[in-house]
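For reference, the structure is listed below as structure tokens.
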Amino acid sequence: MDYVQNTGADRAAMLAAIGAKSVDELFRELPANVRLNRPLDLPPGMPEQELLAHMAALAAKNVCFDSHPSFLGGGGYAHFVPAAVEQVGLRGEYVTSYTPYQAEASQGTLQAIFEYQTMICELTGLDVANASHYDGSTALAEAAALSLDLSERKRIAVSAAVHPQYREVLRTQFRHMGVDILEVGTHDGATSPASVKTVAEGAAGVLVQNPNFFGVIEDLDEIGSAAHAGGALAIASVNPVSLAVLKPPGACDFDVAVGDAQPFGIELSYGGPWCGFMAAKMQYIRQMPGRIAGETVDAAGKRAFCLTLQTREQHIRREKASSNICTNQALMALRATMTMAALGRDGVRALATICAQRAHLLERLVTQHRGVKRPHSTPYFHEFVVEMPVEAEVVNARLLKRGFVGGLPVSNPYRDLRRAVLLCVTEKNSVADIERFAAALGEAVHEH
Amino acid sequence: MSIDDRLIFEKSGPGRRGGYLPQPDPKTPLESLIPAKLLRQEPAKLPEVAELELVRHYVRLSQKSFSIDTHFYPLGSCTMKYNPKINEKVAALPGFARVHPHQPAEQAQGVLEIMHELQRYLAEISGMDAVTLQPAAGAHGELTGILMIKAHLLDQKQPGRVEVLIPDSAHGTNPATCTLAGFKVVSVKSNERGNVNLDDLKAKLSDRTAAMMITNPSTLGLFEENIVEVADLVHKAGGQMYMDGANMNAIQGIARPGDFGIDVQHFNLHKTFSTPHGGGGPGSGPVACKKHLEPFLPVPRVVRDGARYALDSNRPKSIGRVKAFFGNVGMHVRCYAYIRYHGPDGLRSNAENAVLNANYLMARLKKRFRIAYDRPCMHEFVINGTSFKKLGVHTLDVAKRLLDYGFHPPTIYFPLIVPECLMIEPTESENRETLDAFADALIKIQEEAKADPKLLLEAPHTMPVRRLNEVKASREPIVRYKAPAAK
Amino acid sequence: MARPDDAKYAETHEWVRATKGEATIGITDYAVHQLSDLVHIELPKVGDSVEQGSPFGEIESVKTVADLVSPVTGKIVAVNDKLADKLDVLHDAPFGDGWMIRVKVSDAAELDSLMDAKAYQEFIESSEKEAGGKTDEEVDDDDFV
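Chains as they are written, first to last, in the numbering used here: chain A, 14 to 461; chain B, 65 to 551; chain C, 890 to 1034.
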């Protein structure tokens, strides 16, 4: 099966115009010893109806949280996607368009990016945002690279409470590059500003996450001051929903904020495509990687938008570029933009508030069970860790039998958290679900 | 300003509510849960619009952009082929869309099967032994592959190999990637046939050579006729061959990089395999490699143990993660569906028709335009536009005038080695009438350039905006909306 | 534009005028023409060192970035700070008000390796031929077929 339009008659006419006798002749410059002389060993093609049935059968082999309420967080969050966002986001004009290099033919894409950048700036409290990164982990790596580019120092300091997978990405990026990655310890689930002060002295940048991996809300004011006192840039990886109600990095004098906009209108899809974001103080605009949409005017004086400051990017700077990013996550950024607009100024606050309220409700209910306790006393947003008397994987298997997807086991890599899970609650978890889940968890830990 | 040109912020009205508004519990204020000093003082100034305004705004915006669904988009090097709707439908199935990556492997057997099978298909198509789906874009795949080469060389105790050879026609991501990985870029000249200049290559190979990064077919749309010798020379000098797989559309089912000396390559699923460009992304950049590089692939690996699929991170020589989780899985699902639809015959047909369409368009244009290289092309070809300069117009002006004819322009000013360049890639999706209409338009524009150059210089005339002042945008960057100060 | 005879020229399109051990440096009209719409310039600080053949800054148009390469070795004694806000001066007066840095030269003999105005013009013409493009004068109707 294919989507080719050329018929036999078309092919004949085209070959005649070219002056070739066969399509094979068009490949005559390929050396004979590199030609593949057999069909590819792939399953034969199937028409659309069969394909749909085949894919539906594969989809049915996955446990979907439409049927099994989930309490998983840890970097990816299940939120409701408004129908308007889903439908408008499927429009072919958005889905099948290209990067807006020809600005006059791409004003829709460019204006949407400009609106996205504005919303990210508003949430983070910073001055300039780019058009997206692959995800939160690579955005954090790029922010670390930015701090190293601006410094003579060859070290970055990262809190142990930054997502473990994000820290792995940092290690991959900077291994054998002469860059030192120093870990900053936590106390009671939070990064200690005193520890930050010590490591900031030799670091180009200090990287924290807020809320951190344990769900705990960091003291960004103190951490920012400590980083600057040591001469390092202050960088935070943040949850955008939390920014509706938490003091944002910009208000704490942070230099760069990164994160993943997945919670706003982007399906989890087993891990991607999501949407990394980066925002920074205006003084760093020329060091920022990625595409940036800017406002200008056209020849008739009308307001218009175009990609700007492209001389930062790889297609112009080539080996002098500070980042190699080309393709980003534009369509996902569009979905996030529409969702932030759909919720609006008050809606995002309401959403964040519900998440926090319901998470605190779940904590109250689960910690009523004997042996289930939260190891931290620090404030949290919508995720928190509990330790249990039974191994997390065992509890989760029992919860699945009862129709729930349990929390994320965290004892690997956090070995001082014993039999622990990270529980997350969003507005998708109704109060009834929460009460049933808490009861099921109680049964699961005391089952024999 | 017409009412439809406003930003979403300019359409806001205080108190306007969207259709979806969550209702918090009024009895539990946030301050009772989180200390006030950690809370925001001022709300973020997001828009306040009702649902109809939201829908109308973003639908109208969508109508101001070109797209494959609406226009012919012969962008060289981008492979703007048809994005099948069935792929969007299957990727949106709840069993794929609403699965959390932290769910244990037993709860994700369907999606892991897709990823495992896709790995196998891509290995077969490239002639390689192992694949990772983790990189999120082509450039990300390049970085992954180059880091793997670096790890391999260090494992072989060869730390002195610090240079990567790159043809002067390469895409900008290639040298940028090398810098990010800590390598020095050495440029290799192209010859008059648009291929690697073998003498220059020999002069630049040394015991400092870590690798060569090559694109085949090249960014000029030409098959690297000496590829076997090139690979041989690089290997004999102790280097690895990396291939940028952006142009796989021309050779899938016809020739395999693993058979012509490539050690590791990336794919662009958003080019060769039709996953939609989405206005700039998401993409997906899987990496395929030969056995000797397999230990260095990122983790976790998707593996099969009997009938069960699992994730395996026990790979001590792995370069580690290049991204959280497993890659742009939604694009893997689309690509898998595309390959299952096409089968081996369909994929081969794509290559044959892509090359046929490009050669046909080149034949239509070669009497009137200077084709940069006198050879059969692969899936794209390059026009040298310097002859327009005498008339005082540039390739840029030709491109802007094409918009008035209802075509998205080809890639312009890339690759850098052809002056005033237009790079044209029709893809296999288009029919002959479209190709003829495009050729006719280019010829007409050439005549306009002689008779009335202002038509080009002031183009476009029929777009939602006239020619933009990009200099002003760079000199005075305005990168966000700011509400006017309240009076 | 007529190029000053009292200046020397580098293959990377910088000019240098030396008086009493100090060299004033800028870029030529040809370089400015190649760059077209100028957008941004990065210049070094007074007190920085420069080396013949090494970059001392960067200049950007909308679509390109180019290194500014020093034709001499020495220490920077003055920088034209006004240039960043008035880049258009480079179109009008690249050899005058468009000067970029003034350097205390450590080895006056380095200037001997540079070209005079006539040699520089010949250099430009032969590089363009080598690049395969025709000069504007040579393009004719055959190019249109």
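Each residue gets a CB set at the ideal place from its N, CA and C atoms; glycine is no exception.
Given the structure is predicted, the values throughout are model-derived calculations rather than measurements.
Would C/G910 and C/V961 qualify as a contact pair, given that the criterion is a beta-carbon distance under 7 Å? no
As assigned by DSSP and simplified to three states, the class of A/C77: Looking at A/C77 - three-state DSSP - the assignment turns out to be coil, as it is neither helix nor strand.
Report buried or exposed for C/D1025, applying the criterion of at least 16 other Cβ atoms within 10 angstroms of its Cβ. Note that C/D1025 scores a pLDDT of 46, beneath 50, so its modelled location is shaky; the value from the coordinates is reported in the next line. Answer is exposed; the Cβ neighbour count stays below 16.
Measure from the C-beta of C/D937 to each C-beta in chain B and report whether the shortest distance is under 7 Å. Under the Cβ criterion of 7 Å, C/D937 is not counted among the residues facing chain B.
Could you give the distance in angstroms between the alpha-carbon of A/A207 and the alpha-carbon of B/D193? One C-alpha to the other measures close to 50 Å.
I want to verify the contact list: residues of chain C whose CB lies under 9 Å from the CB of A/Q323, in sequence order. Neighbours of A/Q323 across chain C, judged by C-beta separation under 9 Å: V951, K952.
State the Cα-Cα distance for the pair B/L71 and B/R124, rounded to the nearest angstrom. 11 Å
Report the neighbours of A/I329 on chain C: residues whose CB is nearer than 9 Å to its CB, in chain order. E949, K952, T953, V954
How should A/P253 be labelled, buried or exposed, when 16 other C-beta atoms within 10 angstroms of its C-beta is the threshold for buried? The residue in question, A/P253, is buried, as its Cβ has 16 or more Cβ neighbours within 10 Å.
Could you name the residues of the same chain whose beta carbon sits closer than 6 Å to that of B/G83, not counting the 5 residues immediately before and after it, in chain order? E115
Quick check on the burial criterion: 16 or more other C-beta atoms within 10 angstroms. Buried or exposed for A/S390? exposed
If you follow the alpha helix (DSSP H) that A/P206 is part of, which residue opens it and which one closes it? From DSSP, the alpha helix (DSSP H) with A/P206 extends over 206 to 213.
Does the beta-carbon distance from B/K268 to B/V249 come in below 7 Å? Cβ distance not < 7 Å, so B/K268 and B/V249 don't count as in contact.
Please check if any C-beta of chain C sits within less than 7 Å of the C-beta of B/S538. yes
Going along chain B in order, which residues have a C-beta closer than 9 Å to the C-beta of C/V978? None at all; the shortest Cβ gap to chain B is about 14 Å.
Taking the alpha-carbon positions, what's the B/A234 to A/A203 distance? 47 Å
Identify which residue in A/S336, A/E38, A/A433, A/E404 has its Cα closest to the Cα of A/E460. A/E404
Whose C-beta lies closer than 7 Å to the C-beta of A/L412 among residues of the same chain, with five residues either side of it excluded? G419, A453, L454, A457
Along the stretch 51 to 67 of chain A, what residues have a CB closer than 8 Å to any CB found in chain F? Within the model displayed, chain F is absent; protein chains A, B and C are what it includes.
Once the 5 residues before and after A/G263 are set aside, which same chain residues still bring their CB inside 6 Å of it? T137, G138, L139
Given a cut-off of 7 Å on the beta-carbon distance, is the pair A/D15 and B/S413 in contact? yes
Any beta carbon of chain B sitting closer than 7 Å to that of A/Q130? yes
Distance, B/A274 Cα to B/E227 Cα: 6 Å
Do the CB positions of B/K266 and B/A245 come within less than 7 Å of each other? no
Is B/V535 close to chain C, meaning its C-beta is less than 7 Å from at least one C-beta of that chain? yes
8 Å contact criterion, which A/F267 and A/H146 should meet: CB distance rounded: Contact doesn't hold; Cβ gap of about 17 Å is too wide.
In the structure shown, what three-state DSSP assignment does B/A240 receive? If DSSP states are grouped into helix, strand and coil, B/A240 belongs with the helices.
Out of A/T366, A/T439, A/S424, state which residue places its alpha-carbon closest to the alpha-carbon of B/P93. A/T366
Please list, in chain order, the residues of the stretch 242 to 274 of chain A that have any C-beta partner in chain B closer than 8 Å. L256, A257, V258, L259, K260, P261, A264
Beta-carbon proximity of B/A463 to B/I447, cut-off 7 Å: Note that the C-beta distance between B/A463 and B/I447 is not below 7 Å.
I'd like to confirm the pairing. Which residues does DSSP put opposite B/I476 in its beta bridges? B/L486
Endpoints, alpha helix (DSSP H) assigned at B/N417: 393 to 429
Tell whether a beta-carbon distance below 7 Å holds between B/F53 and B/F136. A query on residue 53 of chain B cannot be resolved here, the shown segment of chain B reaching from 65 to 551 and no further.
What number of angstroms, rounded off, separates the C-alpha of B/E152 from the C-alpha of A/E400? 41 Å
Using only alpha-carbon positions, find the residue among B/M442, B/L499, B/R465 that is nearest to B/L429. B/L499
Indicate whether at least one CB of chain A lies closer than 7 Å to the CB of C/V1034. Residue confidence for C/V1034 is low, a pLDDT of 36 falling below 50, so the modelled location carries little weight and cannot support an answer.
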